[in-house]
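Contents: one structure, followed by commentary.
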Amino acid sequence: MSEALAIDVRDLTKSFGTRKVVDNFSIQVPRGQVWGFLGPNGSGKTTTIRMLCGLLVPDSGSGTCLGYDILRESAAIKRNVGYMTQKFSFYEDLSIRENLDFVARIYDVKDRRKVVDQAIEQLGLVRRQQQLAGTLSGGWKQRLALAACILHRPRLLLLDEPTAGVDPQARRDFWDEIHQLAAQGLTVLVSTHYMDEAERCDRIVYLAYGTVLARGTVAQVIGESGLHTWIVEGEDVRALAADMHNVPGIDQVSVFGVTLHVSGKDAAALERAIAPFRTRAGFKWQKATPSLEDVFIHLMAPFREQTS
Amino acid sequence: MFGISIARITAVFLKELIQMRRDRLTFGMIIGIPVIQLVLFGFAINSDPKHLPAALNVQDPSVYSRTLVRALENSGYFRIDHIISNEREAESLLAEGRVAFVVTVPPEFSRELARGDRPQILIEADASDPSAAANAIAAISQLPATVFNRDFTGALAPLRGTPPPFEVVVHRRYNPEGVSAFNVVPGLIGVILTMTMVLITALAVTREVERGTMENLLAMPLQPFEVMAGKILPYIFVGYIQVTVVIVAALLLFGVPMLGSYFDLSVALAAFIAANLAVGFTISTVASNQLQAMQMTFFFFLPSILLSGFMFPFRGMPDWAQWIGEVLPNTHFMRIVRGVMLKGNTLPQMFDDLWPLLAFMLAMMAIALMRYRRTLD
Chain W
12 MSEALAIDVR DLTKSFGTRK VVDNFSIQVP RGQVWGFLGP NGSGKTTTIR
62 MLCGLLVPDS GSGTCLGYDI LRESAAIKRN VGYMTQKFSF YEDLSIRENL
112 DFVARIYDVK DRRKVVDQAI EQLGLVRRQQ QLAGTLSGGW KQRLALAACI
162 LHRPRLLLLD EPTAGVDPQA RRDFWDEIHQ LAAQGLTVLV STHYMDEAER
212 CDRIVYLAYG TVLARGTVAQ VIGESGLHTW IVEGEDVRAL AADMHNVPGI
262 DQVSVFGVTL HVSGKDAAAL ERAIAPFRTR AGFKWQKATP SLEDVFIHLM
312 APFREQTS
Chain L
2 MFGISIARIT AVFLKELIQM RRDRLTFGMI IGIPVIQLVL FGFAINSDPK
52 HLPAALNVQD PSVYSRTLVR ALENSGYFRI DHIISNEREA ESLLAEGRVA
102 FVVTVPPEFS RELARGDRPQ ILIEADASDP SAAANAIAAI SQLPATVFNR
152 DFTGALAPLR GTPPPFEVVV HRRYNPEGVS AFNVVPGLIG VILTMTMVLI
202 TALAVTREVE RGTMENLLAM PLQPFEVMAG KILPYIFVGY IQVTVVIVAA
252 LLLFGVPMLG SYFDLSVALA AFIAANLAVG FTISTVASNQ LQAMQMTFFF
302 FLPSILLSGF MFPFRGMPDW AQWIGEVLPN THFMRIVRGV MLKGNTLPQM
352 FDDLWPLLAF MLAMMAIALM RYRRTLD
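Residue numbers (this note's numbering), protein chains in the order written: chain W, 12 to 319; chain L, 2 to 378.
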């Protein structure tokens with residue numbers, strides 16, 4: 012394989028009815044990297060992923076996945092891609108082993124029995140392999156789904172919100188596994204709503220209303236946002252937050268327990284705007300780098316009207 | 002009082018109305034099913050079939066045979082389609098179900114009639130459906146007393162009156178005692194298979210959609226034909242098991258004869274089961290949930306029992322209903338299975354009903370494959 016890009020698509024556009032869900036989307040993902048796909052609900056993440064693996068046909072645009080044309084060679088793409096759906100989509104009325112065996116047969120996996128055995132062992136489910144998949148908890152279902160997706164040794168993994176509703180420990184294990192796979196040369200594109208997961212990606216792409224609003228490493232995205240943030244610590248930050256609403260120069264105020272993130276696009280204006288509040292007693296003000304979440308909320312601000 | 006609130010009842014009532022309106026198919030069924038039943042029961046079904054196809058086997062052509070043809074047709078129950086002159090032809094017409102009756106005028110009929118020897122006319126009725134033949138047979142028994150009165154002129158005039166100048170002998174073929182179970186039980190094989198085979202496959206794909214496993218299935222390298230074949234094959238076995246159960250019961254409990262060969266029957270069965278499974282598969286590509294799939298199955302099942310000749314004599318239906326019936330696989334299978342079990346028919350004799358079954362199966366499979374979605378679009 013000569014080409015260095017696992018995904019190389021340009022100007023993908025997809026509409027459902029009159030609603031444009033993905034608008035001129037382009038990305039180039041190098042092999043062996045883990046890319047995060049972020050954006051609010053309905054931003055077109057799932058639709059984009061489905062177009063990449065041949066589940067949806069784009070209205071326009073073109074490109075390749077693993078060197079295969081996404082329009083004409085979807086059969087070849089399907090054989091080499093592992094796609095994990097947002098909702099658990101294996102058979103709840105089949106056992107863990109039966110599910111894996113089914114997948115292995117469909118992909119015509121060599122040494123099927125051995126591969127399935129190994130997968131069950133890696134999952135740590137040897138003793139529960141006869142258990143019905145439907146009786147597994149959310150975290151185990153995700154792990155089973157991931158195991159099933161990589162059974163046929165795909166070269167590209169497309170994961171659609173794989174950790175939604177999964178506890179932190181299970182999420183961390185899941186991500187450790189993803190980085191292990193990436194280390195073996197697998198390319199991963201994963202959509203998520205979790206900021207800590209985004210921070211574990213090599214690159215992130217932020218999508219809203221079908222268009223890319225930001226992309227790059229986490230540091231790049233934060234840097235390019237041009238956002239300035241002050242962190243306020245104190246007893247009753249909620250009251251302070253309410254007072255700072257609709258003050259010119261302050262673009263967003265969010266409460267995180269006992270701290271407050273106050274952000275603005277214009278550093279000087281922000282400093283002027285917060286000056287009267289800084290005189291209040293009992294609060295500690297500190298200039299800080301905005302968090303990824305601050306940046307994303309800031310990016311979404313122009314669309315706020317549309318969402319409500 | 003435990004505080005029954007009109008407002009809360011209204012809330013549920015309004016929600017139900019909105020949901021009912023959204024579910025177009027169910028709404029259509031609420032209107033459609035009564036209309037279909039009205040039309041089928043009201044217009045299509047007629048338990049007193051008339052103009053039944055018959056053959057006249059004339060061994061003694063004379064003025065009497067011509068009068069007989071006219072009289073049979075005037076009774077309203079017979080339509081003489083074939084004039085033949087040998088027993089073999091009569092046999093095969095009856096076996097293949099092309100005619101319901103063969104009326105045989107024996108050699109020397111007119112001479113014996115003139116001599117006052119009271120010759121016999123043989124009526125062979127296909128009694129595999131006893132109810133279809135009953136009224137026609139009753140009508141025939143009226144004939145001898147008066148039918149030839151206008152032909153008896155001059156010297157023959159004394160033949161008018163009693164006793165009738167000739168006798169009618171009726172042979173109820175294939176089911177001499179007119180046991181209705183002989184007709185119903187083999188027919189049940191077709192009905193049971195139609196119901197279960199269509200329903201099972203109709204649910205098979207819809208279930209994948211409803212449970213969200215379809216997305217995964219589509220993301221895997223599977224061809225539509227592979228999915229269809231894989232989903233249909235297990236149910237062919239199920240179908241054979243069902244048939245075995247019904248046939249064992251037919252033989253042991255109801256004493257239905259099995260004159261033909263099991264091999265011939267199983268050949269026809271394969272085509273019939275596959276045709277029904279293809280219908281189910283097609284339904285499952287259209288229905289968006291399991292309830293809709295069940296409703297559509299019912300939509301197919303209703304004409305399959307009413308217009309196939311299972312419940313009511315096929316020949317009693319008006320032409321339009323017969324045309325619909327001719328399309329349905331159950332109609333043809335019903336004839337095949339009754340033919341094999343009661344008449345001992347073999348494969349070549351089933352041909353007339355086998356090819357429409359195969360044509361239906363292929364057409365349905367083609368539609369199912371075309372309708373099967375390869376993507377989520």
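Ideal placement from N, C-alpha and C gives every residue a C-beta, glycine not left out.
Is the beta carbon of I37(L) less than 8 Å from the beta carbon of F313(L)? Translated into the one-based positions of the second sequence, residue 37(L) becomes position 36. Translated into the one-based positions of the second sequence, residue 313(L) becomes position 312. No. Outside cutoff.
Going by other Cβ atoms of all chains shown within 10 Å of its Cβ, with 16 needed for buried, is M12(W) buried or exposed? One-based indexing of the first sequence puts residue 12(W) at position 1. Confidence in M12(W) is poor, its pLDDT being 45 and thus under 50, which makes the residue's placement unreliable; the coordinate value appears in the next sentence. Exposed, by the Cβ-count rule.
Reducing DSSP to helix, strand and coil, say where K56(W) ends up. Your numbering for residue 56(W) matches position 45 in the first sequence. K56(W) falls in the helix class under three-state DSSP.
According to DSSP, simplified to helix, strand and coil, what is K121(W)? Position 110 of the first sequence, counting from 1, holds the residue named residue 121(W). Three-state DSSP puts K121(W) in coil, outside helix and strand.
List the residues of chain L whose Cβ lies closer than 9 Å to the Cβ of T198(W), in chain order. In the first sequence, the residue the question calls residue 198(W) occupies position 187. Here the premise fails: no neighbours, minimum Cβ distance about 17 Å.
Excluding sequence positions up to five away, which residues of its chain have a Cβ less than 7 Å from the Cβ of V257(L)? As a working mapping, residue 257(L) is identified with position 256 in the second sequence. Counting only Cβ-Cβ distances below 7 Å, and skipping sequence neighbours, we find A182, F183, V186, P187, A251, M342.
Here's a check: name, in chain order, each residue in its chain whose Cβ is nearer than 8 Å to the Cβ of N290(L), leaving out the five neighbours to either side. Counting from one through the second sequence, the residue named residue 290(L) turns up at place 289. The residues are T207, V210, E211.
Would you verify that the beta carbon of P402(L) is, or is not, closer than 8 Å to some beta carbon of chain W? Missing from the structure shown is residue 402(L); chain L here goes from 2 to 378 and no further.
Please confirm whether A220(L) and K89(W) have their CB atoms less than 8 Å apart. Position 219 of the second sequence, counting from 1, holds the residue named residue 220(L). Position 78 of the first sequence, counting from 1, holds the residue named residue 89(W). The answer is yes: Cβ separation under 8 Å.
Tell me, please, whether the CB atom of G1(L) is closer than 8 Å to any CB atom in chain W? Lying before the first or after the last residue shown, residue 1(L) is absent from chain L, which here runs from 2 to 378.
Top-ranked residue by Cα proximity to I242(W), from R116(W), A299(W), G260(W): For the purposes of this step, residue 242(W) is taken as residue 231 along the first sequence, with counting starting at 1. Residue A299(W) is the option with its Cα nearest to I242(W).
Among the residues of its own chain, which have a CB less than 8 Å from the CB of A369(L), if the five just before and after it don't count? The residue you call residue 369(L) lines up with position 368 of the second sequence. For A369(L), where only same-chain residues beyond five positions count, the Cβ hits under 8 Å are M229, A279, F282, T283, T286.
Close-in-space but distant-in-sequence residues of the same chain around V180(L) (CB under 7 Å, 5 per side omitted): Stepping through the second sequence from its first residue, residue 180(L) is reached at position 179. There are no such residues.
So, is I32(L) buried or exposed, given that buried needs 16 or more other C-beta atoms within 10 angstroms? Sequence index remark: in the second sequence, residue 32(L) carries index 31 (1-based). Counting Cβ neighbours within 10 Å, I32(L) comes out exposed, since fewer than 16 surround it.
Between the C-alpha atoms of F27(W) and G55(W), what's the straight-line distance to the nearest angstrom? Working through the first sequence from its first residue, we reach residue 27(W) at position 16. Working through the first sequence from its first residue, we reach residue 55(W) at position 44. F27(W) and G55(W): Cα-Cα distance of roughly 11 Å.
Identity of the residue in A271(L), L253(L), V64(L) nearest Y241(L) by Cα: Here residue 241(L) refers to the residue found at position 240 when the second sequence is read from its first residue. Nearest option by C-alpha distance: A271(L).
DSSP-derived helix/strand/coil call for M366(L): Along the second sequence, one-based indexing puts residue 366(L) at 365. Looking at M366(L) - three-state DSSP - the assignment turns out to be helix.
Between D378(L) and chain W, is the shortest Cβ-Cβ distance under 8 Å, so that the two count as touching? Position 377 of the second sequence, counted from the start, is the residue given in the question as residue 378(L). Cβ-Cβ to chain W under 8 Å: yes for D378(L).
With DSSP collapsed to three states, give me the class of Q39(W). Here the question's residue 39(W) lines up with position 28 in the first sequence. Three-state result, Q39(W): strand.
With DSSP collapsed to three states, give me the class of P54(L). Here residue 54(L) refers to the residue found at position 53 of the second sequence. In the structure shown, P54(L) sits in a strand (DSSP, three-state: E or B).
Span of the alpha helix (DSSP H), counted from its first residue to its last, around R23(L): Taking the first residue of the second sequence as position 1, residue 23(L) is located at position 22. Counting along the chain, the alpha helix (DSSP H) containing R23(L) begins and ends at 7-23.
Residues of chain L with CB under 8 Å from L67(W), in chain order? Numbered from its first residue, the first sequence carries residue 67(W) at position 56. Result: T376, L377, D378.
Helix, strand or coil: how does DSSP classify H256(W) here? Residue mapping note: residue 256(W) aligns to position 245 of the first sequence, counting from 1. DSSP places H256(W) in coil when its eight states are reduced to three.
Is the region 168-185 of chain W in contact with the region 268-283 of chain W, if contact means three or more CB pairs nearer than 8 Å? no
Tell me the DSSP secondary structure of E125(L) in three-state form. The sequence position of residue 125(L) within the second sequence is 124, counting from 1. E125(L): strand per DSSP, three-state reduction.
Simplified DSSP assignment, three categories, for C160(W): Taking the first sequence and counting its residues from 1, one reaches residue 160(W) at position 149. Three-state DSSP puts C160(W) in a helix.
Helix, strand or coil for G74(W) per DSSP? Start at 1 with the first residue of the first sequence, and residue 74(W) comes out as number 63. In the structure shown, G74(W) sits in a strand (DSSP, three-state: E or B).
I think G78(W) touches I161(W), with their Cβ atoms under 8 Å apart; what is that distance to the nearest whole Å? For the purposes of this step, residue 78(W) is identified with residue 67 of the first sequence, where counting begins at 1. For the purposes of this step, residue 161(W) is identified with residue 150 of the first sequence, where counting begins at 1. Contact flag wrong, Cβ pair sits at about 20 Å.
Per DSSP, which one or two residues make a beta bridge with S48(L)? Numbered from its first residue, the second sequence carries residue 48(L) at position 47. According to DSSP, S48(L) bridges with nothing at all.
Apart from the five residues just before and just after I248(L), which ones in its own chain have a Cβ nearer than 8 Å to its Cβ? Working through the second sequence from its first residue, we reach residue 248(L) at position 247. These residues qualify, in order along the chain: I190, M259.
Leaving out five residues on either side along the sequence, give the residues of the same chain with a beta carbon under 8 Å from the beta carbon of T265(L). Taking the first residue of the second sequence as 1, we reach residue 265(L) at position 264. The amino acid at residue 265(L) is misidentified as Thr; the sequence shows Asp. Excluding sequence neighbours, D265(L) sits near V341, N346, T347, L348, M351.
Check whether the Cβ of K89(W) lies closer than 8 Å to any Cβ atom in chain L. Translated into positions along the first sequence, residue 89(W) becomes position 78. At least one chain L Cβ lies under 8 Å of K89(W).
Starting from Q297(W) and walking both ways along the beta strand (DSSP E), at which residues does that stretch end? To locate residue 297(W), count along the first sequence from 1; it is residue 286. That run of the beta strand (DSSP E) goes 294-299.
Is there at least one Cβ from chain L nearer than 8 Å to I18(W)'s Cβ? Against the first sequence, residue 18(W) aligns to sequence position 7. It does not: the Cβ of I18(W) has no partner Cβ on chain L nearer than 8 Å.
Could you check the C-alpha separation between E208(W) and A194(W) for me, to the nearest Å? Here residue 208(W) refers to the residue found at position 197 when the first sequence is read from its first residue. Here residue 194(W) refers to the residue found at position 183 when the first sequence is read from its first residue. E208(W) and A194(W): Cα-Cα distance of roughly 17 Å.
Smallest Cα separation from I117(W): which of A86(W), L134(W), Q133(W), H204(W)? Taking the first sequence and counting its residues from 1, the one referred to as residue 117(W) is at position 106. Checked all of A86(W), L134(W), Q133(W), H204(W); the closest Cα to I117(W) is A86(W).
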